[in-house]
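Participant: Mind having a look at this structure? Questions to follow.
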Amino acid sequence: MAHYLIGDVQGCDAALGRLLAVIDYSPSRDTLWLLGDLVNRGPSSAAVLRRLMAYGASARCLLGNHDLHLLAVSLGVRRAHRGDTVDDILDAPDRTAMLDWVRRQALALGARLEGHDFLMVHAGVLPQWTTAQTLALAAEVQDVLAGPDWKDFIHQMYGNEPAAWREDLQGDDRLRVIVNALTRLRFCTREGAMEFNAKEGLDTAPPGYLPWFEVPGRRTAEEDVTIAFGHWSTLGLAEPQNVFRRARLWALDSGCIWGGQLSALRVMPDTAASHILIQEACEPTRKPF
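The sequence shown runs 1 to 289 under full-length UniProt numbering.
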């Protein structure tokens with residue numbers, strides 16, 4: 001049985017199919033861990049969802065900002081952007097089944113794979129959060145999205161404030177900070193105040209901000225856990241083999257939708273890092289930011 005971690009697919013079903021053929025993936029034997037942004041911008045968002053739904057428990061999926069955007073567009077909370085490609089979901093006869101499946105996926109996953117502890121998120125983890133706290137906070141949002149009041153929450157989900165986490169946050173403000181950290185975060189201050197405009201590489205941090213994983217005293221850095229995340233394609237595109245890695249940190253958005261590649265990283269029992277299997281993906285359509 002093998003475990004494969006895969007970054008942002010973004011509707012590139014043909015690329016995903018080719019990649020799974022390369023790794024000889026079998027849902028009866030192996031498990032996929034997909035790090036969010038399953039849909040949008042690529043040509044076949046509905047096909048991606050139908051594929052993953054058919055895999056059942058053999059495909060463990062996170063929600064990214066594009067997946068939440070799909071839910072918002074489906075409710076009329078947000079207008080579709082010019083580059084969106086989710087009409088194949090919204091116009092499909094099985095639209096309701098796909099949207100219900102999306103809103104029941106996780107915002108963070110913790111797992112022990114091949115003897116190593118993993119925390120998986122789409123975007124980032126605030127520096128004051130532990131692994132256990134991150135999973136607990138993600139579960140708060142997941143419960144709302146899977147519950148009867150999910151539409152009300154989507155109407156209140158958007159916004160950049162509060163910019164930082166506080167333990168006394170309640171209601172929509174509390175949930176909004178959790179969603180922003182787990183699905184949008186790239187840069188924050190040492191105190192954990194988030195910034196959402198900068199989207200390029202590590203050297204583009206606004207004054208006073210750092211990449212979230214470089215904040216001194218980050219609590220997850222003190223734990224024996226490897227964090228795997230997607231969202232930040234300009235990290236992957238700048239690194240050898242299109243994957244950005246540091247000790248106990250894997251960034252796995254290797255720019256599929258930007259003309260890059262889709263990558264599967266296999267967890268191995270001896271190293272926690274593995275050989276990286278790469279399959280060329282979509283044709284470039286726009287800049288990766």
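Glycine included, each C-beta is placed from N, C-alpha and C at the ideal position. None of the values given here were measured: they were computed from a predicted structure.
1. Can you tell me which residues form a DSSP beta bridge with glycine 110?
2. Please return the same chain residues whose Cβ sits closer than 6 angstroms to the Cβ of leucine 99, not counting the five positions on each side in sequence.
3. Out of Ala57, Ile257, Ala251, which has the shortest C-alpha to C-alpha gap to tryptophan 212?
4. To the nearest angstrom, report how far apart valine 125 and leucine 35 are at their CA atoms.
5. What does leucine 219 pair with, by DSSP beta-bridge criteria?
6. Should methionine 194 be labelled buried (16 or more other beta-carbon atoms within 10 Å of its own) or exposed?
7. Just to confirm before moving on: does the CB-CB distance between valine 39 and histidine 3 stay below 8 angstroms?
8. Grab the span of the beta strand (DSSP E) containing histidine 3 for me, first residue to last.
9. Could you tell me which residues DSSP pairs with arginine 266 in its beta bridges?
10. What number of angstroms, rounded off, separates the C-alpha of cysteine 256 from the C-alpha of arginine 78?
11. Taking DSSP as the reference, what is the three-state secondary structure of arginine 60?
12. Taking the straight line between their C-alpha atoms, what separation do you get for leucine 52 and serine 44?
13. May I ask you to report which of helix, strand or coil DSSP gives glutamate 161?
14. Going by beta-carbon coordinates alone, are alanine 198 and arginine 190 separated by less than 8 angstroms?
15. If contacts are defined as beta-carbon pairs under 8 angstroms, then threonine 226 and aspartate 117 qualify, I think. What distance do you get, rounded to the angstrom?
16. Do the CB positions of leucine 182 and valine 121 come within less than 8 angstroms of each other?
17. Looking only at its own chain, which residues have a Cβ that is under 7 angstroms from the Cβ of proline 206, when we skip the five neighbours before and after it?
18. At the level of alpha carbons, what is the spacing between arginine 95 and glutamate 167?
19. Can leucine 137 and isoleucine 89 be called in contact, C-beta distance under 8 angstroms?
20. Where alanine 106 and valine 179 are concerned, what is the direct C-alpha to C-alpha distance, given to the nearest angstrom?
21. Would you mind reading off the limits of the beta strand (DSSP E) that contains tryptophan 33?
22. Excluding the 5 residues preceding and the 5 following alanine 228 in the sequence, name in chain order all residues of the same chain whose CB lies nearer than 7 angstroms to its CB.
23. Can you tell me which of the three DSSP states valine 9 falls into?
24. Quick one: using the 10 Å Cβ neighbour count with 16 as the cut-off for buried, is leucine 237 buried or exposed?
25. Measure the beta-carbon distance from glutamine 10 to arginine 41 and round it to whole angstroms, keeping in mind my assumption that it falls under 8 angstroms.
Facilitator: This is what the structure holds:
1. Leu119
2. Ser74
3. Ala251
4. 14 angstroms
5. A small fix is needed here, since residue 219 is arginine in this sequence, not leucine. Beta-bridge pairing links arginine 219 to no other residue.
6. buried
7. no
8. 3 to 6
9. Tyr4
10. 25 angstroms
11. strand
12. 13 angstroms
13. coil
14. no
15. 7 angstroms
16. yes
17. Phe187, Glu195, Ala198
18. 37 angstroms
19. no
20. 11 angstroms
21. 31 to 34
22. Leu5, Leu35, Phe118, Met120, Trp250, Leu252
23. coil
24. Reliability fails at leucine 237, whose pLDDT of 45 lies under 50, so the model's placement of it is uncertain and the value that follows must be treated cautiously. Buried is the call here.
25. 5 angstroms
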